[in-house]
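Okay, so here's the structure we're looking at.
Residue numbers (our numbering), protein chains in the order written: chain A, 776 to 1154; chain B, -3 to 276.
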């Protein structure tokens, strides 16, 4: 009897052990750390998330050897302390060339249905990463024509050789630009924000927002201000997709920044979607960026032409920007291409400060300090 | 090495037999269809006002000249089209497309590459020629596939337009003192997403038709003075055209390439291109 009971117990234990072996997360499974109810990003089938891939991508993201003259890494224009932006109106490449556009935050780039300011073609981080690395209009990292050096770096550097082998165990020759891009994309995809006071408020902590921020939230989501039409959803942008999305949302909007010669035109080379399509109604249409961490990402707009968040609110209250003189003179409020949601509104000083408090409550301090996204060379 | 190979073939009876039958088939075929597999080389030369142009440090300087050609067809003496089958060489050409590179990265060709290639090689079915047709551009399917897994010459990242999807069919530029112009030609106004492009409103492929051309006696001139004839190279402003659907600076070079701007699309008119010519 005792023997039989012992056998049954042994069998149950063995079964449990087997089940554990089969179902425990493997050492390489990437853990998103997302709170319950927060959707996972879309992950391309040919670049699944592995801890090892994210680890490799993290080193590459911070490595200056990925620029032609060794002066910059991805992190030069995407600083963790500034929610992965660079604080400049527009970025400067490794050779000193000035980029026409403002560095976008990489936080929650994983949820962006389209990438960069106004490119309807770019949907995957793997494809986007090629442009800053190799592009020459303007030169950013300046690796164009030297792309074989990236694969060579993976093969020759001892740390990279080990990391690359682990991240791409099934590849006969894993030391390639393709795999470097996959790893960088996996790392950037891993930078997600879910820990702001606003998130805590949504999760049931009524004290996470100050009374002023709460009022600001009501204003933000009001039909009077219309902010949420373009900056809606959990990611505060209408160009959002996630693993459970049924419809792909892609939006580009003209917010009345320019109206050159009263024709609706934007400055040449920075006309937004129009640069890509040539269709008149696409003039000045840009993707609405996520507002998560927006208090940290000054200056604002695609060309960094508004210095502070407060001025951004004044811009929308006016319903477009008036530039009185100079080569960009014109009243953006009267632009024929302006979004129907940028109509202007009355906003008291108190309401403006309420809105500022709400936007500040979208700052996720953990994104700025989390070791998982920090510079591994500094550790 | 050669000695080992020879002795191993000689030493095997089966090999010797196979060798003999191969030889027989080859001889018969050669006798019966001697004009069916004619190797052809096309030679390209860059010019400015009738003089060869290269990356240099004085006068009108070349800054870039690289382009893809595809759909290469020779016309035989009766005017029939005879496709030129491009031979894959692992560097400059694959079956459907070849890269011509007439710059060597020297002097003002700062974005260039050291290696050059002025020749496109293939096999065609005639040895009597009366003309040549080709497309400056990459065929649609190849154009929008992943450049990182593409075979040479489509693995050349400098010729790819990552943010637009597709290749720069032609990179051409010149500099004068304090002035200059560069052109990047490629498909624009594309719909879909990268690696999943459904079509482009401005394909911007150039159709070239050269009458009275024979590869045995003639080369193909790429005349940049014709390409930039109507561009102002004396206004002290270095300007450019990167084929944007609404870039006004593209009008003149596009016109020289026989590309006619319509409101919604770009139409290629081969007879009106003046850049590619017979060079004898």
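In this text, a Cβ means the ideal position worked out from N, Cα and C, and glycines have one as well.
Keep in mind that this is a model prediction, so the values were computed, not measured.
Inset, instruction - Determine the extent of the alpha helix (DSSP H) in which residue 925 of chain A is found, giving its start and end residues. - result: In the first chain, the residue the question calls residue 925 of chain A occupies position 150. It spans 923 to 931 - the alpha helix (DSSP H) in which residue 925 of chain A sits, taken as one unbroken run.
Inset, instruction - Say whether chain A places a C-beta atom closer than 7 Å to the C-beta of residue 132 of chain B. - result: Sequence index remark: in the second chain, residue 132 of chain B carries index 136 (1-based). With 7 Å as the cut-off, residue 132 of chain B does not count as an interface residue toward chain A.
Inset, instruction - Assign residue 937 of chain A to one of two classes, buried (16 or more other C-beta atoms within 10 Å of its C-beta) or exposed (fewer than that). - result: Your numbering for residue 937 of chain A matches position 162 in the first chain. It is exposed - the Cβ of residue 937 of chain A has fewer than 16 other Cβ atoms within 10 Å.
Inset, instruction - For residue 1098 of chain A, write down the residues that DSSP places opposite it in a beta bridge. - result: Taking the first residue of the first chain as position 1, residue 1098 of chain A is located at position 323. Residue 1098 of chain A is bridged by DSSP to A:1105.
Inset, instruction - Give the residues from the segment 225 to 242 of chain B that approach chain A closer than 8 Å (Cβ to any Cβ), ordered along the chain. - result: Answer set for the segment 225 to 242 of chain B: 238, 240, 241 and 242.
Inset, instruction - Please decide whether residue 922 of chain A counts as near chain B, where near means a Cβ-Cβ distance under 7 Å. - result: Residue numbering aside, residue 922 of chain A sits at position 147 when the first chain is read from its first letter. Flagged as an interface residue toward chain B: residue 922 of chain A, by a C-beta distance shorter than 7 Å.
Inset, instruction - State the Cα-Cα distance for the pair residue 74 of chain B and residue 907 of chain A, rounded to the nearest angstrom. - result: For the purposes of this step, residue 74 of chain B is taken as the residue at position 78 of the second chain. For the purposes of this step, residue 907 of chain A is taken as the residue at position 132 of the first chain. Between residue 74 of chain B and residue 907 of chain A, the C-alpha separation is close to 52 Å.
Legend entry - Neighbour flag for residue 161 of chain B against chain A, beta carbons, 7 Å: Translated into positions along the second chain, residue 161 of chain B becomes position 165. At a cut-off of 7 Å between beta carbons, residue 161 of chain B contacts chain A.
Legend entry - residue 277 of chain B: first and last residue of the uninterrupted beta strand (DSSP E) it sits in: With chain B represented from -3 up to 276, any question about residue 277 of chain B goes unanswered, as that position is not in the structure.
Legend entry - Assigned secondary structure, residue 991 of chain A (DSSP; H/G/I helix, E/B strand, else coil): Residue 991 of chain A sits at position 216 when you count from the first residue of the first chain. Three-state result, residue 991 of chain A: helix.
Inset, instruction - Starting from residue 154 of chain B, find everything on chain A with Cβ-Cβ shorter than 7 Å and list it in chain order. - result: For the purposes of this step, residue 154 of chain B is taken as the residue at position 158 of the second chain. Under the 7 Å cutoff, chain A gives 919 and 920.
Inset, instruction - Could you name the residues of the segment 161 to 187 of chain B whose beta carbon sits closer than 9 Å to any beta carbon of chain A, in the order they occur along the chain? - result: Under the 9 Å Cβ criterion, the segment 161 to 187 of chain B contributes 161, 180, 184, 185, 186 and 187.
Inset, instruction - Assign residue 816 of chain A to buried or exposed, taking buried as 16 or more other Cβ atoms, counted over all protein chains shown, within 10 Å of its Cβ. - result: Counting from one through the first chain, the residue named residue 816 of chain A turns up at place 41. By the 10 Å Cβ count, residue 816 of chain A comes out buried.
Inset, instruction - Confirm the yes/no value for this check: CB of residue 999 of chain A, any heavy atom of the ligand FAD, distance under 6 Å. - result: Of ligands this structure carries none, so the ligand FAD is not represented either.
Legend entry - Per-residue burial, residue 48 of chain B [other beta carbons within 10 Å of its own, 16 or more giving buried]: Walking along the second chain from the start, residue 48 of chain B turns up at place 52. Classification for residue 48 of chain B: exposed.
Inset, instruction - At 7 Å on the CB atoms, spell out the chain B contacts of residue 943 of chain A, in chain order. - result: Numbered from its first residue, the first chain carries residue 943 of chain A at position 168. Residues of chain B with a Cβ closer than 7 Å to the Cβ of residue 943 of chain A do not exist, since the nearest Cβ in that chain sits about 14 Å away.
Inset, instruction - Leaving out five residues on either side along the sequence, give the residues of the same chain with a beta carbon under 6 Å from the beta carbon of residue 289 of chain B. - result: An answer regarding residue 289 of chain B cannot be provided, because it is not within the stretch -3 to 276 covered by chain B.
Inset, instruction - Return helix, strand or coil for residue 875 of chain A, following the three-state DSSP convention. - result: Residue numbering aside, residue 875 of chain A sits at position 100 when the first chain is read from its first letter. Reduced to three states, the DSSP call for residue 875 of chain A is coil.
Inset, instruction - Can you pull the chain B residues whose beta carbon is under 9 Å from the beta carbon of residue 1036 of chain A, in chain order? - result: On the first chain, position 261 is the one that residue 1036 of chain A refers to. Within chain B, no residue comes near residue 1036 of chain A; the closest Cβ sits about 15 Å away, beyond 9 Å.
Inset, instruction - Report the three-state DSSP secondary structure of residue 886 of chain A (helix, strand or coil). - result: For the purposes of this step, residue 886 of chain A is taken as the residue at position 111 of the first chain. Of the three classes helix, strand and coil, the one that applies to residue 886 of chain A here is helix, per DSSP.
Inset, instruction - Note down the Cα distance separating residue 1088 of chain A from residue 996 of chain A, rounded to an integer number of angstroms. - result: What you label residue 1088 of chain A is simply residue 313 of the first chain in a count that begins at 1. What you label residue 996 of chain A is simply residue 221 of the first chain in a count that begins at 1. Using only the alpha carbons, I get a separation of about 14 Å.
Legend entry - Cα-Cα separation, residue 987 of chain A to residue 972 of chain A: Within the first chain, the letter at position 212 stands for residue 987 of chain A. Within the first chain, the letter at position 197 stands for residue 972 of chain A. A direct Cα-Cα distance of roughly 13 Å separates residue 987 of chain A from residue 972 of chain A.
Legend entry - Among B:111, B:271, B:88 and B:172, the one whose alpha carbon lies nearest that of residue 230 of chain B: Walking along the second chain from the start, residue 230 of chain B turns up at place 234. Residue 230 of chain B has its Cα closest to that of B:172, out of B:111, B:271, B:88 and B:172.
Legend entry - Contact list for residue 109 of chain B against chain A, beta-carbon separation under 8 Å: Taking the second chain and counting its residues from 1, the one referred to as residue 109 of chain B is at position 113. By Cβ distance, chain A contributes 920.
Inset, instruction - Taking residue 854 of chain A as the reference, give the member of A:1007, A:1018, A:1072 and A:1120 with the closest Cα. - result: Here residue 854 of chain A refers to the residue found at position 79 when the first chain is read from its first residue. Of the listed residues, the one whose Cα sits closest to residue 854 of chain A is A:1072.
Legend entry - Contact under 7 Å by Cβ, residue 61 of chain B with residue 42 of chain B: Along the second chain, one-based indexing puts residue 61 of chain B at 65. Along the second chain, one-based indexing puts residue 42 of chain B at 46. Closer than 7 Å, so yes.
Inset, instruction - Give the residues from the segment 887 to 899 of chain A that approach chain B closer than 9 Å (Cβ to any Cβ), ordered along the chain. - result: Going along the segment 887 to 899 of chain A in chain order, one finds 889, 891, 894, 895, 896, 897, 898 and 899 with a Cβ nearer than 9 Å to chain B.
Legend entry - residue 190 of chain B: contacting residues in chain A (beta-carbon distance under 8 Å): For the purposes of this step, residue 190 of chain B is taken as the residue at position 194 of the second chain. Per Cβ cutoff of 8 Å: 896, 897, 898, 899 and 902.
Legend entry - Cβ-Cβ separation, residue 126 of chain B to residue 93 of chain B (assumed contact under 8 Å), whole Å: Counting from 1 along the second chain, the entry for residue 93 of chain B is found at position 97. Counting from 1 along the second chain, the entry for residue 126 of chain B is found at position 130. Not quite, the Cβ-Cβ distance comes to about 24 Å (not below 8 Å), so this is no contact.
Inset, instruction - Taking 8 Å as the threshold, find out whether the segment 955 to 973 of chain A comes into contact with the segment 820 to 835 of chain A through three or more Cβ pairs. - result: Yes, they touch.
Inset, instruction - Check distances from the C-beta atoms of the segment 958 to 988 of chain A to those of chain B and list, in chain order, the residues that come in under 8 Å. - result: Residues of the segment 958 to 988 of chain A with a Cβ closer than 8 Å to any Cβ of chain B: none.
Legend entry - Between the CA atoms of residue 33 of chain B and residue 25 of chain B - distance to the nearest angstrom: Taking the first residue of the second chain as 1, we reach residue 25 of chain B at position 29. Taking the first residue of the second chain as 1, we reach residue 33 of chain B at position 37. Residue placement at residue 25 of chain B cannot be trusted, given a pLDDT of 49 that sits under 50; what the coordinates show is reported in the next sentence. Looking at the two C-alpha atoms, the distance is approximately 10 Å.
Legend entry - Every unbroken alpha helix (DSSP H) within the segment 179 to 213 of chain B, with a cutoff of 4 residues, ordered by chain: If only uninterrupted alpha helix (DSSP H) runs of at least 4 residues are considered, none is enclosed by the segment 179 to 213 of chain B.
Inset, instruction - Identify whether residue 39 of chain B lies in helix, strand or coil by the three-state DSSP scheme. - result: Numbered from its first residue, the second chain carries residue 39 of chain B at position 43. In the three-state reduction of the DSSP assignment, residue 39 of chain B falls in the strand class.
Legend entry - Complete runs of the beta strand (DSSP E) confined to the segment 88 to 116 of chain B [at least 3 residues]: Those beta strand (DSSP E) runs which fall completely within the segment 88 to 116 of chain B and span 3+ residues are 93 to 97.
Inset, instruction - Could you spell out where the beta strand (DSSP E) holding residue 171 of chain B opens and where it closes? - result: Counted from its first residue, the second chain places residue 171 of chain B at position 175. That run of the beta strand (DSSP E) goes 166 to 172.
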